[in-house]
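Worksheet: one structure, shown below.
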Ligand SMILES: [Fe+2]
Ligand SMILES: [Fe+2]
């Protein structure tokens, strides 16, 4: 194809997206669109998969059966989310194994929030309430993104996320109605998860690369700072309702803006964790790689069994 | 083990790995009787039985279905969007296939 022809195709492609048409896997697309989508969708999938680890940590120690089935179902949903997203990603021509390899070798990133430890039961509350809450804010706009398989996966994901946040908030609510120790535990979890949750919505607009392109392709509908403001405005009253204090002395309602003003985010910490120096980066990758390698013989055995069965079927037919 | 070591370990392992990957399956779900099976997504499984079981867990955790079909992705033949013109455009100028093409008096009833 000549350069002229490619330019023409690209123009038509951008116009289709501007008209709100969806792009499907076999449609012609600019290479940058394909690569950007593989990167974003796989990062998203990796986050769902690694995201199971901090919560999986508490399944066997959930305080009641009710909490245990809820947590188990939530973690199972996150596995499902990872799988929807991996398969959406594979429609662009990259194999599942290549995607795993990128995660395990450290080439691909996942959400930094999962590099923080879950040290008390209250963390299950804070994670559901805040981390899933921030994820919902990130994900809802993606239900109308331009790439069909991604948009469809996000519709399913968003439908399932709401229970995640509600079960987390309910855990916090119950703790704040409990003993002084339980109330402290809830407050302590909020103290530790508040700032990382704000960081989860991404670097400030001034620092964030490829926003304009992402807006055009509807991979982003609102800027990181707008999403963060939305999260804060939504969450502060929820904390007040259950008597918890947001750990930010500069947090103040701004009548004029109709929004909360908030304190400085420690972006150094954010970049440190992104670069691999968070409290749990090594443990998370180790757990993930151990699971993958430890499961290898099971995958091989299943394949061998399937082949044997198929052979037997053929022999019977002859 | 340090992360660097882990990485190296993994990469070396990857080279000698002779594992055969589980094939990809497309999943179709009938949400309730009376409706057709609809494409829900895909997944990996060693064989058809496992694909069905995995599809149950991945795509119907909240009563989304009463029946599942799985078919290996490689067995699907898909039309090429680049040929959409020759495939689908011929239908565009055949307005006479639609009821509104026919001029009938306004007061004709039951038609
Ligand atoms: Fe999720
Ligand atoms: Fe979730």
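Chains as they are written, first to last, in the working numbering: chain A, 385 to 702; chain B, 85 to 195.
Glycine included, C-beta positions come from ideal geometry on N, C-alpha and C.
Looking only at its own chain, which residues have a Cβ that is under 6 Å from the Cβ of residue 544 of chain A, when we skip the five neighbours before and after it?
These residues qualify, in order along the chain: 461.
Backbone CA spacing between residue 501 of chain A and residue 441 of chain A [nearest angstrom]:
For residue 501 of chain A and residue 441 of chain A, the distance between alpha carbons rounds to 10 Å.
Please list the partners that residue 399 of chain A has in chain B, where partner means a Cβ-to-Cβ separation under 9 Å.
Here the premise fails: no neighbours, minimum Cβ distance about 16 Å.
Using DSSP with H/G/I as helix, E/B as strand and the rest coil, what is residue 96 of chain B?
Unreliable placement is indicated for residue 96 of chain B, whose pLDDT of 49 sits below 50; no coordinate value is reported for it.
List the residues of chain A that residue 128 of chain B touches, going by C-beta distances under 7 Å, in chain order.
Those within 7 Å of residue 128 of chain B in chain A are 480.
Looking at the C-beta of residue 183 of chain B, does it have a partner C-beta in chain A at a distance below 7 Å?
Contact with chain A is absent for residue 183 of chain B, since none of that chain's Cβ atoms lies less than 7 Å from the residue's Cβ.
At the 7 Å Cβ level, is residue 410 of chain A part of the contact set with chain B, yes or no?
Answer yes: the Cβ-Cβ gap between residue 410 of chain A and chain B drops below 7 Å somewhere.
I'd like the list of long-range same chain contacts for residue 96 of chain B, defined as Cβ closer than 7 Å, with 5 residues on each side in sequence excluded.
With a pLDDT of 49 at residue 96 of chain B, under the threshold of 50, the predicted position of this residue should be treated as unreliable, though the coordinate-derived value follows. Nothing meets the Cβ criterion.
Determine the direct distance from the alpha carbon of residue 573 of chain A to that of residue 503 of chain A, and round the result to whole angstroms.
The straight-line gap from Cα to Cα measures roughly 9 Å.
By the DSSP assignment, the alpha helix (DSSP H) with residue 543 of chain A in it spans what residues?
532-560 is the extent of the alpha helix (DSSP H) around residue 543 of chain A.
Please classify residue 496 of chain A: does DSSP put it in a helix, a strand, or coil?
Looking at residue 496 of chain A - three-state DSSP - the assignment turns out to be helix.
Residue 430 of chain A beta carbon near ligand 1 (any heavy atom closer than 6 Å):
No, Cβ of residue 430 of chain A sits at least 6 Å from all heavy atoms of ligand 1.
Closer than 6 Å: is that where the CB of residue 545 of chain A sits relative to any heavy atom of ligand 2?
At a cut-off of 6 Å, the beta-carbon of residue 545 of chain A counts as near ligand 2: some heavy atom of the ligand is closer than that.
Report the three-state DSSP secondary structure of residue 102 of chain B (helix, strand or coil).
Confidence in residue 102 of chain B is poor, its pLDDT being 42 and thus under 50, which makes the residue's placement too unreliable to answer from.
What do you get for residue 174 of chain B, buried or exposed, if any count of 16 or more other CB atoms within 10 angstroms of its CB means buried?
Per the 10 Å Cβ criterion, exposed.
Pick out whichever of A/653, A/421, A/402 has its Cα sitting closest to the Cα of residue 531 of chain A.
Closest option to residue 531 of chain A, Cα to Cα, is A/421.
Residue environment, residue 179 of chain B, which counts as buried when at least 16 other CB atoms sit within 10 Å
Residue 179 of chain B should be labelled exposed.
When you compare the CB of residue 690 of chain A with every CB in chain C, is at least one pair closer than 7 Å?
Going by chain labels, chain C is absent from the structure shown, which instead holds the protein chains A and B.
Who pairs with residue 644 of chain A in a beta bridge, going by DSSP?
Beta-bridge annotation (DSSP): residue 644 of chain A is paired with A/637.
What ranges does the alpha helix (DSSP H) occupy inside the stretch 461-511 of chain A, keeping only unbroken runs of at least 4 residues that lie completely in it?
For the alpha helix (DSSP H) assignment, the uninterrupted runs of no fewer than 4 residues enclosed by the stretch 461-511 of chain A are, from N- to C-terminal side, 480-488, 506-510.
Just checking my contact of residue 397 of chain A with residue 413 of chain A at CB under 8 Å: how many whole Å lie between their CB atoms?
The Cβ separation is near 6 Å, so the contact holds.
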